[in-house]
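Q:
Take a look at the structure:
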């Protein structure tokens with residue numbers, strides 16, 4: 001089915017998707033959080049009638065607008081890229097994935113784009129309350145946009161609520177609510193959006209700290225810090241809480257991702273969580289030559305990974321090798337066996353299609369029955385995607401097994417950087433609030449510098465978060481069902497290379513423009529309303 | 532409610548919804564049309580600012596409608612989505628690039644220290660207006676002229692020409708619709724400016740431009756329609772699903788669906804009336820006639836492509852690989868679930884209408900554009 005696919009096409013298509021997604025995600029989290037922060041500030045203005053709060057609102061709203069435009073620009077590519085570069089995937093899951101995308105357009109995008117116009121152009125055209133409502137609806141619309149695409153992403157990590165239809169050779173939705181409310185989707189939505197709130201809060205307190213460091217607009221800066229810190233602190237706790245939920249979910253549905261995030265090659269009971277560490281040797285070497293200790297340096301906390309994964313310090317967490325080669329004691333099926341079973345499922349589908357074409361009704365019906373038989377589905381169809389790695393030569397098959405391990409080093413570092421930074425932000429918000437309440441914030445220059453430098457760190461945390469989520473699940477586009485090789489559009493590698501570079505150049509140009517405009521507006525300060 | 536409908540009824544319902552989105556999108560392309568005339572209608576800085584701001588308060592509707600059009604197609608007819616986007620790669624990529632550079636241009640154009648400079652952002656808007664309209668029109672024309680793709684038994688599609696969609700733009704039939712859409716967008720933009728901008732000089736210039744652009748639109752539109760009525764079309768045998776060529780298929784569809792015929796004629800008349808009102812009278816209402824006329828006409832064209840046993844995305848490589856609303860659609864369950872979501876559409880239209888009215892309550896004029904002490908946001 002996919003034997004002849006050029007691997008460089010897959011890599012360039014992945015590169016292009018990663019480029020657009022990561023670039024898009026530079027701007028989206030700020031939109032998600034700053035929308036609410038602006039709406040909160042405007043609420044205070046409407047409640048108190050104090051024009052100082054209007055000035056504050058308009059300053060941050062102005063930055064919101066600059067950031068929003070580029071987020072929109074990059075968002076459109078992502079939606080269409082599912083079709084342009086991943087057309088086989090689009091068909092395979094279109095019945096499920098398309099629905100959230102269409103709902104997103106109907107419900108969220110229009111809400112966002114309608115009310116943002118009122119937000120910017122309506123100050124002297126509509127009533128104060130209608131304007132405030134519009135600001136809230138813009139923020140809610142932005143977050144609703146995130147809901148549906150994250151539901152779709154969560155479904156790819158943990159496909160639920162569907163069944164495979166052999167006649168159309170695709171997955172079809174059976175239960176919309178199961179797709180929408182799967183724990184993976186709920187955790188992903190809350191974890192991702194609240195992490196956006198944290199980034200936006202860091203952005204607000206960091207820029208306010210810059211004003212304080214330059215002894216400019218101090219009232220404005222302090223008021224902004226209070227709103228940013230409180231909002232940020234609440235959001236950070238939500239991020240931690242949902243992060244814990246996400247980890248348990250990963251342990252259940254994507255154990256390979258969890259093992260990679262922690263560099264756990266050999267499963268154990270009371271598995272340790274690494275505070276940080278550095279591997280010895282490359283990913284490939286560690287896979288091919290098993291060693292007692294895979295780290296050159298690490299700080300482990302005993303039992304913590306077991307607790308994180310299963311809520312029990314003494315529980316067992318499977319390692320990469322247990323999954324690759326199986327573990328009878330813990331009832332873990334080897335990847336080699338999964339590949340063989342996946343191959344059976346794929347062959348059955350082929351035979352079914354042949355029977356359909358040749359009009360062999362008896363065979364057609366008997367094979368169709370298999371796709372409705374729960375036991376067969378659980379034994380073979382569950383591993384459908386693994387079949388792509390099948391090779392009749394046992395040696396080659398053994399070698400193919402290793403392709404099912406994600407890049408461990410990237411997953412490990414991304415995960416630990418994300419978690420470490422999240423913890424740092426709690427401290428930053430707490431300290432900022434403490435010193436602001438004590439009215440000593442403008443004199444605590446070291447903290448102001450920390451707040452300012454937290455801005456790039458918050459962006460780093462966002463990017464690493466997505467790296468864990470997406471690199472950690474490789475090679476799957478849809479967990480256990482479809483890998484990147486099967487999903488890609490049949491176009492020339494040269495075409496994708498060309499568009500990759502065109503995107504890269506366009507994005508860099510736009511990013512330079514955005515940052516320059518943003519910095520100029522920040523330096524102008526709130527006095528002129530940021531205009 | 533929707534559960535009890537047949538799969539075909541749901542497919543038809545979603546074809547109507549997708550068609551409505553497409554039709555509204557073509558109307559909203561007036562933003563793109565206007566972007567191609569910023570410098571010829573605005574000779575001074577403040578005139579250009581008025582024009583840009585008149586469009587700038589609406590560009591997101593067009594953009595969002597395009598995205599929703601794509602999303603709705605993905606959800607309801609995923610095989611079209613995967614076949615067309617993954618196959619006609621270059622056409623869609625060119626359209627995408629044209630829209631990326633638009634999205635930032637309004638917000639960044641007059642900002643200090645904006646890296647590219649004001650004129651570059653205006654050029655971005657021009658490029659978006661030119662390419663966005665022509666290529667979208669060309670892509671839609673392939674609904675009638677067909678494309679060279681194949682679909683395997685596993686429903687995996689493949690484009691069979693190395694140009695990956697660019698070949699569509701070299702076909703004069705397709706191009707005639709592309710150019711008709713381009714000039715229609717300009718006509719609608721001129722009528723919109725007459726409605727939205729309070730400036731005699733701009734209105735005067737717009738009136739003059741309207742004559743030329745309306746003429747060009749009519750030439751290309753009539754070329755397309757005559758060609759469409761005379762050409763063979765892609766018919767589907769409803770019993771066997773077999774696709775075959777039928778002479779005068781789209782003319783037959785028009786006659787076979789009197790409602791669509793009436794819609795088509797009514798739409799065209801409304802567009803012409805809107806243009807006439809714009810040229811000959813002092814009324815500002817031309818955009819409403821032409822706008823509604825555009826929506827109704829495009830809707831009729833989409834119905835011609837998808838209904839009356841017609842393949843809406845034909846394959847000239849292998850007729851039997853052609854896509855119909857039946858073989859390209861989502862499952863009964865998904866269409867049902869989405870149909871419930873579609874019940875929100877009137878509510879969405881209502882709030883868009885309300886917000887649009889509240890922003891357009893006062894026409895754009897020089898005073899508003901040059902006022903820096905007020906609360907207004909000027910691009």
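Chains as they are written, first to last, in my numbering: chain A, 1 to 531; chain B, 532 to 910.
For each residue, glycine too, the CB sits at the ideal point set by N, CA and C.
1. When Cβ atoms are compared, which residues of the segment 172-190 of chain A fall closer than 7 angstroms to chain B?
2. With residue 809 of chain B and residue 722 of chain B assumed to form a contact (beta carbons below 8 angstroms), what rounded beta-carbon distance in angstroms separates them?
3. In chain B, what lies closer than 9 angstroms to residue 506 of chain A by C-beta?
4. Using DSSP bridges, identify the partner residues of residue 273 of chain A.
5. CB residue 619 of chain B to CB residue 695 of chain B, shorter than 8 angstroms?
6. Please report the Cβ distance between residue 397 of chain A and residue 390 of chain A, rounded to the nearest whole angstrom; I am assuming they are in contact, meaning their Cβ atoms lie under 8 angstroms.
7. Determine the extent of the beta strand (DSSP E) in which residue 766 of chain B is found, giving its start and end residues.
8. Taking any Cβ of chain A, which residues in the segment 876-890 of chain B have a Cβ under 7 angstroms from it, in chain order?
9. Listing by chain order, which chain B residues have their CB less than 7 angstroms from the CB of residue 129 of chain A?
10. Sort out for me which residues DSSP pairs residue 564 of chain A with in a bridge.
11. With residue 358 of chain A as the anchor, note down where its alpha helix (DSSP H) starts and where it stops.
12. Enumerated in chain order, which unbroken segments of the beta strand (DSSP E) with a length of 3 residues or greater are wholly contained in the segment 176-204 of chain A?
13. For residue 630 of chain B, which residues in the same chain have their Cβ closer than 8 angstroms to its Cβ, ignoring the five residues on either side in sequence?
14. Which partner residues of residue 689 of chain B appear in the DSSP bridge assignment?
15. Between residue 557 of chain B and chain A, is any beta-carbon pair separated by less than 8 angstroms?
16. Where DSSP assigns a beta bridge to residue 332 of chain A, which residues make up the other side?
17. Quick one: does the C-beta of residue 805 of chain B sit closer than 7 angstroms to a heavy atom of the ligand ZN?
18. Residue 483 of chain A to residue 83 of chain A, Cα distance in whole Å?
19. What does DSSP give as the partner residues of residue 854 of chain B in its beta bridges?
20. Using a Cβ-Cβ distance under 8 angstroms, would residue 493 of chain A count as near chain B?
21. Quick check on residue 650 of chain B: does DSSP put it in helix, strand or coil?
22. Closer than 7 angstroms, Cβ to Cβ, to anything on chain A: give me those residues from the segment 670-686 of chain B, in chain order.
23. Quick one: residues in its chain with C-beta nearer than 7 angstroms to the C-beta of residue 676 of chain B, no 5 flanking neighbours on either side, listed in chain order?
24. Would a check of beta-carbon distances place residue 107 of chain A closer than 8 angstroms to chain B?
25. Let me check one thing: in DSSP terms, what residues is residue 775 of chain B bridge-paired to?
26. Identify the residues that DSSP records as bridge partners of residue 278 of chain A: which are they?
27. By the 10 Å Cβ neighbour count, where 16 or more other Cβ atoms means buried, how is residue 427 of chain A classified, buried or exposed?
28. For the segment 538-552 of chain B, list every residue whose C-beta sits within 8 angstroms of some C-beta in chain A, in sequence order.
29. Taking only the alpha-carbon atoms, compute the straight-line gap between residue 98 of chain A and residue 607 of chain B and give it to the nearest angstrom.
30. Name the chain A residues whose beta carbon is nearer than 7 angstroms to that of residue 908 of chain B?
31. Are the beta-carbon atoms of residue 263 of chain A and residue 277 of chain A separated by less than 8 angstroms?
32. Can you give me the Cβ contacts of residue 383 of chain A inside the same chain, cut-off strictly under 8 angstroms, excluding the 5 residues immediately before and after it?
33. Helix, strand or coil for residue 364 of chain A per DSSP?
34. Of all the options B/895, B/633, B/890, B/865, which has the alpha carbon lying nearest to the alpha carbon of residue 537 of chain B?
35. With residue 42 of chain A and residue 135 of chain A assumed to form a contact (beta carbons below 8 angstroms), what rounded beta-carbon distance in angstroms separates them?
36. With a threshold of 8 angstroms on Cβ separation, who are the neighbours of residue 581 of chain B within its own chain once the five nearest residues in sequence on each side are excluded?
A: Taking the structure as given:
1. 172, 173, 174, 176
2. In the second chain, residue 809 of chain B corresponds to position 278, counting from 1. In the second chain, residue 722 of chain B corresponds to position 191, counting from 1. The pair is a contact, with the Cβ atoms about 5 angstroms apart (cut-off 8 angstroms).
3. Residue mapping note: residue 506 of chain A aligns to position 506 of the first chain, counting from 1. Residues of chain B passing the Cβ test: 628, 631, 632.
4. To locate residue 273 of chain A, count along the first chain from 1; it is residue 273. Its beta-bridge partners are A/301.
5. Counting from one through the second chain, the residue named residue 619 of chain B turns up at place 88. Counting from one through the second chain, the residue named residue 695 of chain B turns up at place 164. Contact flag set, yes.
6. Residue 397 of chain A sits at position 397 when you count from the first residue of the first chain. Residue 390 of chain A sits at position 390 when you count from the first residue of the first chain. Yes, residue 397 of chain A and residue 390 of chain A are in contact; Cβ-Cβ is about 7 angstroms, under 8 angstroms.
7. The residue given as residue 766 of chain B occupies position 235 in the second chain. Unbroken beta strand (DSSP E) run through residue 766 of chain B: 764-767.
8. 876, 879, 882, 883, 886, 889, 890
9. Stepping through the first chain from its first residue, residue 129 of chain A is reached at position 129. What residue 129 of chain A touches in chain B: nothing, since even the nearest Cβ is about 13 angstroms away.
10. With chain A represented from 1 up to 531, any question about residue 564 of chain A goes unanswered, as that position is not in the structure.
11. Against the first chain, residue 358 of chain A aligns to sequence position 358. That run of the alpha helix (DSSP H) goes 335-358.
12. none
13. Stepping through the second chain from its first residue, residue 630 of chain B is reached at position 99. Taken in chain order, the residues that qualify are 594, 597, 659, 663.
14. As a first step, residue 689 of chain B is located in the second chain; it is residue number 158 there, counting from the start. Residue 689 of chain B pairs with B/681.
15. As a first step, residue 557 of chain B is located in the second chain; it is residue number 26 there, counting from the start. Residue 557 of chain B does not count as touching chain A.
16. Taking the first chain and counting its residues from 1, one reaches residue 332 of chain A at position 332. Residue 332 of chain A is bridged to A/327.
17. Within the structure as shown, the ligand ZN is missing, as the structure has no ligands at all.
18. If you number the first chain from 1, residue 483 of chain A lands on position 483. If you number the first chain from 1, residue 83 of chain A lands on position 83. Roughly 16 angstroms separates the two Cα atoms.
19. Counted from its first residue, the second chain places residue 854 of chain B at position 323. Bridge partners of residue 854 of chain B: B/844.
20. On the first chain, residue 493 of chain A is found 493 positions in, with the first residue counted as 1. Not one chain B Cβ lies under 8 angstroms of residue 493 of chain A.
21. By 1-based counting over the second chain, the position of residue 650 of chain B is 119. Helix, per DSSP.
22. 684, 685, 686
23. To locate residue 676 of chain B, count along the second chain from 1; it is residue 145. Closer than 7 angstroms at the Cβ level, and outside the excluded window around residue 676 of chain B, lie 702, 704, 705.
24. Translated into the one-based positions of the first chain, residue 107 of chain A becomes position 107. Judged by the 8 angstroms Cβ criterion, residue 107 of chain A is in contact with chain B.
25. Position 244 of the second chain, counting from 1, holds the residue named residue 775 of chain B. DSSP lists B/766 as partners of residue 775 of chain B.
26. The residue labelled residue 278 of chain A in the question sits at position 278 within the first chain. Answer is A/297.
27. Locating residue 427 of chain A in the first chain gives position 427, where the first residue counts as 1. Burial call: exposed.
28. none
29. Position 98 of the first chain, counted from the first residue, corresponds to residue 98 of chain A. Position 76 of the second chain, counted from the first residue, corresponds to residue 607 of chain B. If I take the Cα positions, the gap works out to 7 angstroms.
30. Sequence index remark: in the second chain, residue 908 of chain B carries index 377 (1-based). Neighbours of residue 908 of chain B on chain A, chain order: 120, 121.
31. Along the first chain, read from residue 1 onward, the residue named residue 263 of chain A stands at position 263. Along the first chain, read from residue 1 onward, the residue named residue 277 of chain A stands at position 277. Going by C-beta atoms, residue 263 of chain A is nearer than 8 angstroms to residue 277 of chain A.
32. Working through the first chain from its first residue, we reach residue 383 of chain A at position 383. 338, 339, 341, 342, 345, 480.
33. Stepping through the first chain from its first residue, residue 364 of chain A is reached at position 364. The answer is helix: DSSP assigns residue 364 of chain A an H, G or I state.
34. Locating residue 537 of chain B in the second chain gives position 6, where the first residue counts as 1. The shortest Cα separation from residue 537 of chain B among B/895, B/633, B/890, B/865 belongs to B/865.
35. What you label residue 42 of chain A is simply residue 42 of the first chain in a count that begins at 1. What you label residue 135 of chain A is simply residue 135 of the first chain in a count that begins at 1. That pair is a contact at about 5 angstroms.
36. In the second chain, the residue the question calls residue 581 of chain B occupies position 50. Within the same chain, residue 581 of chain B has close Cβ partners 573, 728, 730, 733, 895, 896, 897, 900.
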